[in-house]
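Written out below as structure tokens is the structure these notes cover.
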Ligand SMILES: [Zn+2]
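In this note's numbering, the protein residues as written are 1 to 112.
The following block contains the structure:
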């Protein structure tokens, strides 16, 4: 029997990044998938599952756990990678509009 465990903490994806929420799924102590979420916006920033662990629903399990813990959102469609888009389509759920002013879909005037 392998033991699956989901843990939640706050970590930095890299030295340049702000701390983010992180959900990790381990099987027998090995991390097989991680889901990173922006603390301020709830936007999913990274979903990482090493190739040898893909196809087991690990990322989807993390998504469901994270979504039951806090409000999380997929990245705006225009910002997603191909994999990110497939992931969002497969697990469903809400997405954020672009909040960075780089997409025309939802024009918004700057507040002075
Ligand atoms: Zn944008």
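Idealized CB from N, CA, C, for every residue including glycine.
* Quick one: Cα of residue 113 to Cα of residue 33, how far? -> Outside the displayed span of the chain (1 to 112) sits residue 113, for which this structure offers no information.
* **Three-state class that DSSP yields for residue 52 in the structure shown** => Translated into positions along the chain shown, residue 52 becomes position 52. Residue 52: helix per DSSP, three-state reduction.
* To do: Could you tell me the distance, in whole angstroms, from the CA atom of residue 17 to the CA atom of residue 45?
  => Position 17 of the chain shown, counted from the start, is the residue given in the question as residue 17. Position 45 of the chain shown, counted from the start, is the residue given in the question as residue 45. Those two C-alpha atoms are separated by around 11 Å.
* Which residues in the same chain have their Cβ closer than 8 Å to the Cβ of residue 43, if we skip the five residues on either side of it in sequence? -> For the purposes of this step, residue 43 is identified with residue 43 of the chain shown, where counting begins at 1. Within the same chain, residue 43 has close Cβ partners 37, 72, 73, 74, 75 and 96.
* Residue from 69, 20, 27 and 41 with nearest C-alpha to residue 57 -> Here the question's residue 57 lines up with position 57 in the chain shown. The shortest C-alpha separation from residue 57 is found at 27.
* To do: List the endpoints of the continuous alpha helix (DSSP H) containing residue 30.
  => Translated into the one-based positions of the chain shown, residue 30 becomes position 30. Careful: residue 30 lies outside any alpha helix (DSSP H), inside the beta strand (DSSP E) at 30-37.
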